[in-house]
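Enquirer: Position one of the sequence shown corresponds to residue 122 (the working numbering), numbered consecutively onward.
Note that beta-carbon positions come from the ideal geometry of N, C-alpha and C, so glycine has one too.
In this text, all values refer to a predicted model and were calculated from it rather than measured experimentally.
Handing you this structure, nothing more for now.
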Amino acid sequence: LEAPRLEVAPADRRTLAQLNRLLRQGTGAELHHPRRKAVVLRDLDEFAGFQIVPIVGAPLRVFFDDVLGVEAPMPSSHGVGSATLAASFSVRHKTGTYDLSCDCPALAFSIADGLLVARRV
Numbered sequence: 122l123e124a125p126r127l128e129v130a131p132a133d134r135r136t137l138a139q140l141n142r143l144l145r146q147g148t149g150a151e152l153h154h155p156r157r158k159a160v161v162l163r164d165l166d167e168f169a170g171f172q173i174v175p176i177v178g179a180p181l182r183v184f185f186d187d188v189l190g191v192e193a194p195m196p197s198s199h200g201v202g203s204a205t206l207a208a209s210f211s212v213r214h215k216t217g218t219y220d221l222s223c224d225c226p227a228l229a230f231s232i233a234d235g236l237l238v239a240r241r242v
């Protein structure tokens, strides 16, 4: 038996395609957990999720099915400037929350929007 195909709206297909491109090429970001460190966001298992890959250490794996919510910008935290806050998003999943920031607000919004769509479909 084959799983039924889910109808995806054209706008959602474009959003998912953009997220897929960003994760396939690897997108630089900062992880604010427990302290700021540079990471790269990469795709995971043929677009089943994404990895948060630090320069040193093991990658953090997040499957789209495990994402409980995405908030952009991330909740305000002490010591984070307004420019960083504007270019940030927070991903809640089954085992915790990751606060991330990118170089610009448009990139953060694009990733956050894509994650919202990916968890829905």
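1. Would the stretch 198–211 count as touching the stretch 128–144 if we require 3 or more Cβ pairs under 8 Å?
2. Mind checking which residues open and close the beta strand (DSSP E) that includes Gly202?
3. Among Arg241, Ile232 and Gly217, which one has its Cα closest to the Cα of Gln139?
4. So Arg182 and Gly170 are in contact, right, with Cβ under 8 Å, and what is the actual spacing, rounded?
5. Let me check one thing: in DSSP terms, what residues is Ala233 bridge-paired to?
Expert: Reading from the atomic positions:
1. no
2. Where Gly202 is concerned, there is no enclosing beta strand (DSSP E), given that its DSSP letter is neither H nor E.
3. Ile232
4. 6 Å
5. None; Ala233 has no bridge partner.
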